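S.K.: Numbered per the working numbering, the sequence shown spans residues 1 to 101.
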Amino acid sequence: TDPRVVRDFLGPRVGAAGGASGTIFILQSATARAIAAYSVYPEEQEVVFRAGTQFQVVRQAEKGLKRLLECAMRCDLRDVDVIEMQELSLDSWRDLEGYLA
């Protein structure tokens, strides 16, 4: 997604100029489907997931990734949580067992 679009969805940091607040989720997915061609807002590069799709938190983004996002978005992300998540592939009970281990 375009960093400017992400920035537009963040809220302003209270009492500070140029800063943002909120949460950014970085989703790793194999099944997401782009819908920009059908969207009222194609510049947002929206995707959809199958009903019931589940994600697992991988980690909170490290400082290096957060700094790269700050440069790309041209704003201070001090008060923004950046969470990396991966789509779970739950085709069988064994898949679930593997994620819980």
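Ideal Cβ positions, reconstructed from N, Cα and C, are used throughout, including at glycine.
Computed from a prediction, not measured in an experiment: that's the story for all the values here.
According to the neighbour-count rule (16 or more other Cβ atoms, all chains shown, within 10 Å of its Cβ), is V80 buried or exposed?
M.R.: V80 is buried by the Cβ-count criterion.
S.K.: Taking just the CA atoms, how far does F49 sit from A36?
M.R.: For A36 and F49, the distance between alpha carbons rounds to 14 angstroms.
S.K.: Along the beta strand (DSSP E) that carries A114, what are the first and last residues, could you check?
M.R.: Outside the shown range of the chain (1 to 101) lies residue 114, about which nothing can therefore be said.
S.K.: Taking the continuous beta strand (DSSP E) assigned at V82, which residues delimit it?
M.R.: Run containing V82: 76-87, per the beta strand (DSSP E) assignment.
S.K.: Does the distance from the CB of E70 to the CB of L27 come in under 8 angstroms?
M.R.: Result no, Cβ atoms of E70 and L27 do not sit closer than 8 angstroms.
S.K.: With distance defined between alpha-carbon atoms, name the residue in E46, K63, V5 nearest to E84.
M.R.: Residue K63 is the option with its Cα nearest to E84.
S.K.: Please name the residue, chosen from V82, L100, L90, that lies closest to T23 on a Cα-to-Cα basis.
M.R.: Answer by Cα proximity: V82.
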